[in-house]
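There are 4 protein chains.
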Amino acid sequence: MNTFGRNFRCTTFGESHGSALGVVIDGCPPGIPLEASDLQPMMDRRRPGVGPLSSPRAEPDAVELLSGVFLGLTTGAPVCILIRNRDAQPGDYDRLKDVFRPGHADYTYQMKYGIRDHRGGGRSSGRETAARVAAGAVAMKILGLRGITVEGRVEEIHGKTIPCDWEEEIRNAAAEQDSVGGIVEVIARGCPAGLGDPVFGKLDAAIAHALMGIGAVKGVEIGNGFCAARLKGSEQNDQMGEEGFLSNHAGGILGGISNGNEIVARIAVKPTPSIARSQQTVDTEGKVVSVSVQGRHDPCIVPRIVPVAEAMLALVLVDSLLEQEKFTAYRGDLRIRMKK
Amino acid sequence: MNTFGRNFRCTTFGESHGSALGVVIDGCPPGIPLEASDLQPMMDRRRPGVGPLSSPRAEPDAVELLSGVFLGLTTGAPVCILIRNRDAQPGDYDRLKDVFRPGHADYTYQMKYGIRDHRGGGRSSGRETAARVAAGAVAMKILGLRGITVEGRVEEIHGKTIPCDWEEEIRNAAAEQDSVGGIVEVIARGCPAGLGDPVFGKLDAAIAHALMGIGAVKGVEIGNGFCAARLKGSEQNDQMGEEGFLSNHAGGILGGISNGNEIVARIAVKPTPSIARSQQTVDTEGKVVSVSVQGRHDPCIVPRIVPVAEAMLALVLVDSLLEQEKFTAYRGDLRIRMKK
Amino acid sequence: MNTFGRNFRCTTFGESHGSALGVVIDGCPPGIPLEASDLQPMMDRRRPGVGPLSSPRAEPDAVELLSGVFLGLTTGAPVCILIRNRDAQPGDYDRLKDVFRPGHADYTYQMKYGIRDHRGGGRSSGRETAARVAAGAVAMKILGLRGITVEGRVEEIHGKTIPCDWEEEIRNAAAEQDSVGGIVEVIARGCPAGLGDPVFGKLDAAIAHALMGIGAVKGVEIGNGFCAARLKGSEQNDQMGEEGFLSNHAGGILGGISNGNEIVARIAVKPTPSIARSQQTVDTEGKVVSVSVQGRHDPCIVPRIVPVAEAMLALVLVDSLLEQEKFTAYRGDLRIRMKK
Amino acid sequence: MNTFGRNFRCTTFGESHGSALGVVIDGCPPGIPLEASDLQPMMDRRRPGVGPLSSPRAEPDAVELLSGVFLGLTTGAPVCILIRNRDAQPGDYDRLKDVFRPGHADYTYQMKYGIRDHRGGGRSSGRETAARVAAGAVAMKILGLRGITVEGRVEEIHGKTIPCDWEEEIRNAAAEQDSVGGIVEVIARGCPAGLGDPVFGKLDAAIAHALMGIGAVKGVEIGNGFCAARLKGSEQNDQMGEEGFLSNHAGGILGGISNGNEIVARIAVKPTPSIARSQQTVDTEGKVVSVSVQGRHDPCIVPRIVPVAEAMLALVLVDSLLEQEKFTAYRGDLRIRMKK
């Protein structure tokens, strides 16, 4: 399943060391101003090779808008965005082609498909998220027209709350041929109440699906999250006053539907599984071998996950906005009827 | 969106104080032995009125199999399961019809639809999960044929790890006109490697969606979950030996695909929002009022969520099993080809 | 696949000689006035036992509204409609349980599922359409709020154009222990331009899917249909004047999108396959046998298909209306932008 | 909706005079041998500029395989196929940008989206079918592995049954600045019984949807089609003998499920709406104008629709094959159980 969303449907394609990555967005509303340069800033926040703590793979992640835009406006036709791989080095992975790297999807892809593209993880690589960020940048433009913003930040690296010298944590891990994880928070501001669909289409469930689907994520929480499990009802409930809710323990969602407050989600990002330290694993023949994953890897992927998490939250919100439009006309009818 | 699943598609319907609840399962494989009595034990674990700490609403939750079964076997046609409400007391809610209860979906449903069934939360009530459990019990039968089991347990109540006298925690909260939450763990054993679909159909993302979609859940984690964010790569990675994985920090899922280990998920359950203690809120005219939610409520919903979480995990797994069958024939072709 | 529609999603269930039939409608807009008596007139037009040329099976087809309606208005929650079978006589089919009736789905269900409910065709029976008509009647209410009507009529029976004494054609066929088919036309009036989705969601494609999915239908055409294949471009094209289109050869659809004209579709209905005349077939052991299908059957099903075809067209239109709402807000933005 | 299929999901993108067309296939089974040269022969049968009666637009329709294939085999990851437009001449359409061409989607796209890409019909152009044919060629490879073939042919041009000098019919129409339509038949051979899903996923309904979704198609029939409406039950029913069915009036489908016979469908193709002859229409201001559509158009599109119809039928069949695999394991279980 390489498609995300029911209304704003994003289908991504491409492998880490293939010729290109991309996304087709089907269901994009017409009349949205869009050009390639709109997408680049968000692409640049995710791309590798930009800092001393990031993979040195040199990818400009330049986007090409292949379809769905005419005279600077979306037309309602599918928007295809293409990102060519410019610094693929598939040969780097030759020695890993028969070995299942610990913490990676090598073993599970082999078991699922009976075949796998071993070059840098192929389809399971974090590089796939470039396509998601491109789609997310389009979603952001639409949210912007509605006054909605989405913003993420690193909250913790290896257990150290930000702000702190967390770059040192990462450098230390790298020096030990190891890696570290952390926690990212994403917040949407300006969302109207009413987004989300009851029962199986709850907004929080959609967000959990979206964020847990980012490769390295092992946990998702909304509002008070796991802390809520340790509170009393009188502490967790958000009471209301004339101006609206008096607190936001719920993280902006009640019964799976947005309540007009800030939507707040946090994700747990595991440490990068690619480490230079020697680890025990098996090869495709089942023989025990030791492996050391050298190469161009991030000792901490957390900062680069921020724009990906923003993108996924933006995609959920645009999808929910479009879903909600279906009822707008009928809610109008109703109000008139009820006034009588 | 009241349908769950792409292959084993469960559509639930019904309100807390309407005439009935139910589920239609479309995509149930043919030839599965099924009768109403198969479902009752799991229904009984969820239903109210069975213990001193549970709501006294007396619902037998007896299921009627309306379709899709012939001579004791499923036929491949949709299975409709009906559960009549027997102890609905909609009149209890008359005084709440214009008030938005804190922590409930009253306000958000009103904002979404412009209308709401205020009787016990209507569609947003936890009573809706009776239909999910019925569907989950069918899913369990199918999993059983494949040697897969799903089992949940209460791990924590109000911060106290089980085992402990957690009934006292609940009684204390009730005595204070308050409520408590907790943590539930669900584990699937016997799953083959290969379940789950890359990118947007990851097994962990599907589980997060399924579990976060249970009304009171505010967080989901897989395997080490949020703890993974505080570990190093060398600690989190599961190394492999001749017998398979040497640990299970991943919770049985790598790259979104099951690896053959136990699948382990945990959820944070917030305290029941219905409390007798007085809270401030607004009514449908926007006027500030105080509300005390009297009636038949659980001071702690956590134990009753266990079978619901099991049901949701079972639904995800059956759906993934059916999805994976599509490739089975082709993986076979491939193996033969690669041997040459 | 027992669900129809992407926005107004109708899932039907039930067998011809099981305990009940029904439908769950998910995605029904809130605030639509709805009660059981609204549905009965359309149910009555389809139900058996009402005329000398119809099956004598005595089914009142009384509908029960189980959910989704509160104080006479839909709430946005799923609407479940239940129709109990009152005159099922499953024993009538005992002698046919091992025989594949010609022209029926007996053989194909057995090959597909390895099991089948032989009682009157089980799920493949035309009786399943009762649930579709119930859903269609709800759709009609929504269309009515938008000024759209859907109306069908018998155009031909056994090659004789209506009006003519076509009852005689049917009586003759019955006397010969045979059956006849015919052609039904359905027309939607009052549809706005803009319904339908390009490429794979074309309105005519959706109509073709909906109508060809009625059991006995072997052909579907839109507007001039097969005649268009014998015309020249200058004859088939609908030219435009100040008042709009000067003709309607297209049947109200251009490029898969409604153009504001009447939407016109025609379907070919095959003769009822159940005939008393002896036919050669095989049994479940592959042995050649002869079969004569006695019992309660219509010698001509065409008139009873009219409300089913209306229902299916209404379902397509409501689904398309809801789909189109998603863009309404954005088209508005655009108009303002373009005026500058 | 630019995605076709539930299991073998093809999402097409691109406009007639944009930079590229393409398709992403999600759900393609792993292990299928595939390279670009496999697709070219079928692309060549559809592309323009190859005969004296076809549009002179010079498009090589060379395909680029961007993803999903590794070492000559599909991997289970999405297959993206890109087709660059090489001979786009958008300037040719400048004078038509404010005029709604009769018989085209110009007016309806404008009404739907409030904006349209007027260059050669943009997304509504027949050129979009290049992407479908590419996907269809992949589907053909999979069908080939199962011994299934799909073949189409022109049956009629402007009412003249083939064989006949139908090129003369086309030349005459072109000489009169007019165009002609016709009828295409597509047949699938070698399909197993059991494909197709009851009720709303019937194989014939899926075929009708697929074929009616080709731009110029105004009618679809299966087997005897509209003729069946004029036959008696004893004439239409296919009786069975030891070797299987004794005839194929049903066109290989009973109750919406394949019966093992040849699957036979026919479509009515309207005459090309682009004609040089002057026609009356309106412009975007609602003013009546006359238009003569000059340029690079086919006076008869019927022969070029043959590979498109084959592609669409192939896509339906692969999708149904994958759907059916889900039940294979369970049907096996059942047989063992029933033997006892």
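Those protein sequence lines, which keep their order, are chains A, B, C and D. Start counting the first sequence at 10; every next residue gets the next number (this note's numbering). Start counting the second sequence at 10; every next residue gets the next number (this note's numbering). Start counting the third sequence at 10; every next residue gets the next number (this note's numbering). Start counting the fourth sequence at 10; every next residue gets the next number (this note's numbering). Built from N, CA and C at the ideal position, the CB exists for glycine as well.
- Task: Check whether the Cβ of residue 282 of chain D lies closer than 8 angstroms to any Cβ atom in chain C.
- Result: Within the fourth sequence, the letter at position 273 stands for residue 282 of chain D. Output row for residue 282 of chain D: interface = yes.
- Item | For residue 127 of chain A and residue 105 of chain A, the rounded distance between their alpha carbons | Locating residue 105 of chain A in the first sequence gives position 96, counting from the first residue. Locating residue 127 of chain A in the first sequence gives position 118, counting from the first residue. Those two C-alpha atoms are separated by around 7 angstroms.
- Closer than 8 angstroms to chain D by CB, residue 126 of chain A: Reading the first sequence from its first residue, position 117 is the one you call residue 126 of chain A. Judged by the 8 angstroms Cβ criterion, residue 126 of chain A is in contact with chain D.
- Environment of residue 24 of chain D [buried if 16+ CB atoms lie within 10 Å]: Here residue 24 of chain D is taken as the residue at index 15 of the fourth sequence, counted from 1. That one is buried.
- With DSSP run on the structure shown, which of helix, strand or coil describes residue 296 of chain D? Working through the fourth sequence from its first residue, we reach residue 296 of chain D at position 287. DSSP places residue 296 of chain D in coil when its eight states are reduced to three.
- Starting from the C-beta of residue 320 of chain D, find all residues in its chain whose C-beta is less than 6 angstroms away, skip the five residues before and the five after it, and write them out in chain order. Within the fourth sequence, numbered from 1, the residue matching residue 320 of chain D stands at position 311. Result list for residue 320 of chain D: 141, 142, 145, in chain order.
- Query: Taking just the CA atoms, how far does residue 111 of chain C sit from residue 253 of chain D?
  - Reply: Against the fourth sequence, residue 253 of chain D aligns to sequence position 244. Against the third sequence, residue 111 of chain C aligns to sequence position 102. So the two alpha carbons sit approximately 11 angstroms from each other.
- Message: Please report whether the beta-carbon of residue 335 of chain D lies at a distance below 8 angstroms from any beta-carbon of chain C.
- Response: The residue given as residue 335 of chain D occupies position 326 in the fourth sequence. Not an interface residue.
- Query: Under the three-state reduction of DSSP, which class applies to residue 110 of chain B: helix, strand or coil?
  - Reply: Your numbering for residue 110 of chain B matches position 101 in the second sequence. DSSP places residue 110 of chain B in coil when its eight states are reduced to three.
- Query: Thinking C-beta only, is residue 262 of chain C closer than 8 angstroms to residue 151 of chain C?
  - Reply: Within the third sequence, numbered from 1, the residue matching residue 151 of chain C stands at position 142. Within the third sequence, numbered from 1, the residue matching residue 262 of chain C stands at position 253. No. Outside cutoff.
- Message: Looking at the strands, I want to know which residues DSSP matches up with residue 249 of chain D.
- Response: What you label residue 249 of chain D is simply residue 240 of the fourth sequence in a count that begins at 1. Partner(s): D:254.
- Task: Jot down the residue ranges of each uninterrupted beta strand (DSSP E) in the segment 213–284 of chain A, minimum 3 residues, whole runs only, in chain order.
- Result: 226–231, 272–278
- Counting contacts by CB-CB distance shorter than 8 angstroms, is residue 71 of chain A in contact with chain D? Working through the first sequence from its first residue, we reach residue 71 of chain A at position 62. It does not: the Cβ of residue 71 of chain A has no partner Cβ on chain D nearer than 8 angstroms.
- Message: For a test of the three-state rule: what should DSSP assign to residue 172 of chain C, helix, strand or coil?
- Response: Mapped onto the third sequence, residue 172 of chain C falls at position 163. Looking at residue 172 of chain C - three-state DSSP - the assignment turns out to be coil, as it is neither helix nor strand.
- Query: For residue 333 of chain A, which of helix, strand or coil comes out of DSSP?
  - Reply: As a working note, residue 333 of chain A is residue 324 in the first sequence. In this structure, residue 333 of chain A counts as helix in the three-state DSSP scheme.
- Taking the C-alpha atoms as reference points, what is the distance between residue 13 of chain B and residue 108 of chain B? Counted from its first residue, the second sequence places residue 13 of chain B at position 4. Counted from its first residue, the second sequence places residue 108 of chain B at position 99. Those two C-alpha atoms are separated by around 31 angstroms.
- Task: Take the Cβ of residue 18 of chain D as the centre, count every other Cβ of all protein chains shown within 10 Å, and call the residue buried at 16 or more, exposed below.
- Result: As a first step, residue 18 of chain D is located in the fourth sequence; it is residue number 9 there, counting from the start. Flag for residue 18 of chain D reads buried.
- Message: Taking CB distances under 8 angstroms as the criterion, tell me whether residue 40 of chain B reaches chain E.
- Response: Checking the listed chains, one finds no chain E in this structure; the protein chains it contains are A, B, C and D.
- Query: Measuring CB to CB, does residue 209 of chain A end up less than 8 angstroms from residue 11 of chain B?
  - Reply: Counting from 1 along the first sequence, the entry for residue 209 of chain A is found at position 200. Counting from 1 along the second sequence, the entry for residue 11 of chain B is found at position 2. Cβ atoms of residue 209 of chain A and residue 11 of chain B: closer than 8 angstroms.
- Would you give the residue range spanned by the alpha helix (DSSP H) that residue 43 of chain D belongs to? Against the fourth sequence, residue 43 of chain D aligns to sequence position 34. First-last for residue 43 of chain D: undefined, no H or E at that position.
- For residue 36 of chain D versus residue 331 of chain D, is the C-beta distance shorter than 8 angstroms? The sequence position of residue 36 of chain D within the fourth sequence is 27, counting from 1. The sequence position of residue 331 of chain D within the fourth sequence is 322, counting from 1. Yes; because the gap between Cβ atoms is below 8 angstroms, this pair is in contact.
- Query: Are residue 125 of chain C and residue 84 of chain B closer than 8 angstroms when you measure CB to CB?
  - Reply: What you label residue 125 of chain C is simply residue 116 of the third sequence in a count that begins at 1. What you label residue 84 of chain B is simply residue 75 of the second sequence in a count that begins at 1. Yes.
- Quick one, which of A:159, A:206, A:147 has its alpha-carbon nearest residue 38 of chain C's? Against the third sequence, residue 38 of chain C aligns to sequence position 29. Closest by alpha carbon: A:206.
- Item | Beta carbon proximity, residue 22 of chain C to chain B, threshold 8 angstroms | Taking the third sequence and counting its residues from 1, one reaches residue 22 of chain C at position 13. Answer yes: the Cβ-Cβ gap between residue 22 of chain C and chain B drops below 8 angstroms somewhere.
- Compile a chain-ordered list of the residues in the segment 74–103 of chain C whose CB is closer than 9 angstroms to at least one CB of chain D. none
- Task: Figure out for me which residue from B:294, B:297, B:251, B:45 has the closest Cα to the Cα of residue 296 of chain A.
- Result: Here residue 296 of chain A refers to the residue found at position 287 when the first sequence is read from its first residue. The shortest C-alpha separation from residue 296 of chain A is found at B:251.
- Considering only residues of the same chain and omitting the five flanking positions on each side of residue 267 of chain D, which have a CB-CB separation below 8 angstroms? One-based indexing of the fourth sequence puts residue 267 of chain D at position 258. Correct list, in chain order: 200, 201, 202, 203, 204, 205, 212, 261, 329.
- chain B contact for residue 28 of chain C (CB, 8 angstroms cutoff): For this step, residue 28 of chain C is matched to residue 19 along the third sequence. For residue 28 of chain C, the answer is yes, since a Cβ of chain B falls inside 8 angstroms of its Cβ.
- Contact list for residue 213 of chain C against chain D, beta-carbon separation under 9 angstroms: Within the third sequence, the letter at position 204 stands for residue 213 of chain C. Neighbours of residue 213 of chain C on chain D, chain order: 221, 222, 226, 227.
- Looking only at its own chain, which residues have a Cβ that is under 6 angstroms from the Cβ of residue 45 of chain A, when we skip the five neighbours before and after it? Position 36 of the first sequence, counted from the start, is the residue given in the question as residue 45 of chain A. Only 72, 74 meet the Cβ criterion.
- Query: Alpha carbon to alpha carbon, how far is residue 174 of chain A from residue 166 of chain A?
  - Reply: Taking the first sequence and counting its residues from 1, one reaches residue 174 of chain A at position 165. Taking the first sequence and counting its residues from 1, one reaches residue 166 of chain A at position 157. Cα to Cα, the separation comes out at about 10 angstroms.
- Query: Excluding the five sequence neighbours on either side, which residues of its own chain have a C-beta within less than 6 angstroms of the C-beta of residue 97 of chain A, listed in chain order?
  - Reply: On the first sequence, residue 97 of chain A is found 88 positions in, with the first residue counted as 1. So the qualifying residues of the chain are 26.
- Message: Pairs of beta-carbons, one from the segment 229–239 of chain C and one from the segment 86–95 of chain D, closer than 8 angstroms: are there three or more?
- Response: no
- Item | residue 130 of chain B versus residue 277 of chain B - alpha carbon distance | Taking the second sequence and counting its residues from 1, one reaches residue 130 of chain B at position 121. Taking the second sequence and counting its residues from 1, one reaches residue 277 of chain B at position 268. Approximately 21 angstroms between the Cα atoms of the pair.
- Task: Alpha carbon to alpha carbon, how far is residue 43 of chain C from residue 81 of chain C? Give it in angstroms, no decimals.
- Result: On the third sequence, position 72 is the one that residue 81 of chain C refers to. On the third sequence, position 34 is the one that residue 43 of chain C refers to. When rounded, the distance between both Cα atoms is 6 angstroms.
- Query: Can you list, in chain order, the residues of its chain whose CB lies under 6 angstroms from that of residue 293 of chain A, leaving out five sequence neighbours each side?
  - Reply: In the first sequence, counting from the first residue as 1, residue 293 of chain A sits at position 284. Cβ within range, chain order: 107.
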